[in-house]
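Before any comments, here is the structure.
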Amino acid sequence: MSRQPRAFRLDDPNVAGGSIEVIEEPFDAIEAADGVVVPMSERRRAPWTGILLSALSGLLVLGLGLTLQNLIVELHAVAPWLGWVALALVVMAAFAFLALVWREVAGILREQKIEKLREAAIDALAVKDHKAAKGIVGDLANLYGARSGSAKGRARIKELTDEIIDADDRLAIAERELLAPLDAQAKRAIAAAAKQVSLVTAVSPRAIVDVAFVIFAAVRLLRTLARIYGGRPGLFGFLRLARAALNHLAVTGGVAVGDSLMQQVLGLGLAARISAKLGEGVLNGLMTARFGLAALSVCRPLPFIREEVPKIGDVAGELVNRAEAATS
């Protein structure tokens, strides 16, 4: 006859069987973190460049303030009302300058928040940190809280807040509910930019027009992707994003030589089989799409967990199809 299970305390004197040894199993986070290399912090150097720029900026501000003061005094000496008008204009310019500074700071802080979310998600996935994953999902829901299209996803995430879910599963749910629709928008924006660049560079009469339009399209695409994922970059925030996207593009291989679609394009010999301008337009469009994918990875607040990483074929496959149709 089988014995029914029952509960008992380890310090119960009625428990027989001699000494009991309790072995605590290691946490998943400790097991996952075993062998992870901890990077050493870089040696800090004196910020001489920052000190130089700060000093020069201070001198320029002092010089500008003195110039404006002298201008107001001179205008007031000519006619008092001119002095008051000049003073009012200076005050308006100061308020506008402060608003621009605040917008730049707010944009940079928002971008840093997105970057920290992505880095925290990578760390949480690496060590299976359930608590950190729960906090990341909450921050992500707050990031998109003002968007009407994410209400359903936020409601679904709120239902699972107190559920016991693995870190990767919790982040994957947030990715599917909140980021999957944004990924679709981003891929459509990249595809539209690639087509536009391909068309304009194929019909433009001058190379300088090609270069100017490619740069303009890349700038506009980067701003569009940043807004899709919740960023609002100003000038300096945009420059940070552009540098990060170019660095990501360099790290991931530039033109993605290993991509099957790129091999297909190079194998077609477009410049030889069709007109040189059409081949140039196709390749410019593909490079725009490649830059867009790098910018997507930089602007996205989470790494790709369960969603498929977009490739050039997902956003620019029609370009090659057009080239193949032209050669047939």
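Position 60 of the sequence shown, counted from 1, bears residue number 60 in UniProt numbering, the numbering being contiguous throughout.
Glycine included, C-beta positions come from ideal geometry on N, C-alpha and C.
Being a predicted model, the structure only gives us computed values, none of them experimental.
Quick one: using the 10 Å Cβ neighbour count with 16 as the cut-off for buried, is residue 124 buried or exposed? For the purposes of this step, residue 124 is identified with residue 124 of the sequence shown, where counting begins at 1. Under this definition residue 124 is a buried residue.
Could you check whether residue 231 and residue 111 sit closer than 8 angstroms to each other, using their CB atoms as the reference points? Locating residue 111 in the sequence shown gives position 111, where the first residue counts as 1. Locating residue 231 in the sequence shown gives position 231, where the first residue counts as 1. It is a contact, given that the beta carbons lie within the stated cut-off.
Close-in-space but distant-in-sequence residues of the same chain around residue 171 (CB under 8 angstroms, 5 per side omitted): Here the question's residue 171 lines up with position 171 in the sequence shown. Here the set comprises 121, 124, 125, 133, 136, 137, 302, 305.
My understanding is that residue 191 touches residue 316, with C-beta atoms under 8 angstroms, so please give their C-beta distance in whole angstroms. In the sequence shown, counting from the first residue as 1, residue 191 sits at position 191. In the sequence shown, counting from the first residue as 1, residue 316 sits at position 316. The pair is a contact, with the Cβ atoms about 7 angstroms apart (cut-off 8 angstroms).
Grab me the residues of residue 107's own chain with a C-beta within less than 6 angstroms of its C-beta, minus the 5 sequence neighbours each way, in chain order. For this step, residue 107 is matched to residue 107 along the sequence shown. Only 232, 233, 234, 237 meet the Cβ criterion.
Would the stretch 181 to 197 count as touching the stretch 217 to 226 if we require 3 or more Cβ pairs under 8 angstroms? yes
Of all the options 300, 72, 129, 248, which has the alpha carbon lying nearest to the alpha carbon of residue 337? Since the first residue of the chain shown is 1 and the last is 328, residue 337 is not available in this structure.
Same chain, Cβ closer than 6 angstroms to residue 154, neighbours up to 5 away in sequence not counted: Position 154 of the sequence shown, counting from 1, holds the residue named residue 154. Correct list, in chain order: 141.
Contact check, residue 82 vs residue 89 under 8 angstroms by CB: the rounded distance? Walking along the sequence shown from the start, residue 82 turns up at place 82. Walking along the sequence shown from the start, residue 89 turns up at place 89. That belief does not hold up - the Cβ atoms of residue 82 and residue 89 are roughly 11 angstroms apart, past 8 angstroms.
So with Cβ pairs under 8 angstroms, would you call residue 94 a contact of chain D? The structure shown contains no chain D; it is built from a single protein chain.
Proximity winner among 116, 314, 298, relative to residue 243 (alpha-carbon distances): For the purposes of this step, residue 243 is identified with residue 243 of the sequence shown, where counting begins at 1. Checked all of 116, 314, 298; the closest Cα to residue 243 is 298.
Is the separation between the beta-carbon of residue 307 and that of residue 175 shorter than 8 angstroms? Translated into positions along the sequence shown, residue 307 becomes position 307. Translated into positions along the sequence shown, residue 175 becomes position 175. Yes, Cβ-Cβ distance for residue 307 and residue 175 is below 8 angstroms.
Quick one: what does DSSP say residue 113 is sitting in, helix, strand or coil? The residue given as residue 113 occupies position 113 in the sequence shown. Three-state result, residue 113: helix.
Assuming residue 71 contacts residue 86 under a Cβ cut-off of 8 angstroms, what Cβ separation, rounded to an integer in Å, is found between them? Numbered from its first residue, the sequence shown carries residue 71 at position 71. Numbered from its first residue, the sequence shown carries residue 86 at position 86. With a Cβ gap of about 6 angstroms, residue 71 and residue 86 count as contacting.
By how many angstroms is the C-alpha of residue 199 removed from the C-alpha of residue 49? Reading the sequence shown from its first residue, position 49 is the one you call residue 49. Reading the sequence shown from its first residue, position 199 is the one you call residue 199. Going from the Cα of residue 49 to the Cα of residue 199 covers about 43 angstroms.
Is it the case that the Cβ atoms of residue 103 and residue 179 are separated by a distance below 8 angstroms? Against the sequence shown, residue 103 aligns to sequence position 103. Against the sequence shown, residue 179 aligns to sequence position 179. No.
Under 8 angstroms between the Cβ atoms of residue 214 and residue 197? Translated into the one-based positions of the sequence shown, residue 214 becomes position 214. Translated into the one-based positions of the sequence shown, residue 197 becomes position 197. Yes.
What whole-angstrom Cβ distance do residue 229 and residue 114 have, given they're in contact under 8 angstroms? Here the question's residue 229 lines up with position 229 in the sequence shown. Here the question's residue 114 lines up with position 114 in the sequence shown. So it is a contact: roughly 7 angstroms between Cβ atoms.
Nearest-angstrom Cβ-Cβ length linking residue 241 and residue 226, presumed shorter than 8 angstroms: Within the sequence shown, the letter at position 241 stands for residue 241. Within the sequence shown, the letter at position 226 stands for residue 226. Indeed, because the Cβ distance is near 6 angstroms, the residues count as touching under 8 angstroms.
Of the choices 189, 63, 201, 280, whose alpha-carbon is the least far from that of residue 310? Numbered from its first residue, the sequence shown carries residue 310 at position 310. Minimum Cα distance to residue 310 is reached at 189.
With the cut-off set at 8 angstroms, would you say residue 173 and residue 182 are in Cβ contact? What you label residue 173 is simply residue 173 of the sequence shown in a count that begins at 1. What you label residue 182 is simply residue 182 of the sequence shown in a count that begins at 1. No, the pair does not count as a contact, with Cβ atoms beyond the cut-off.
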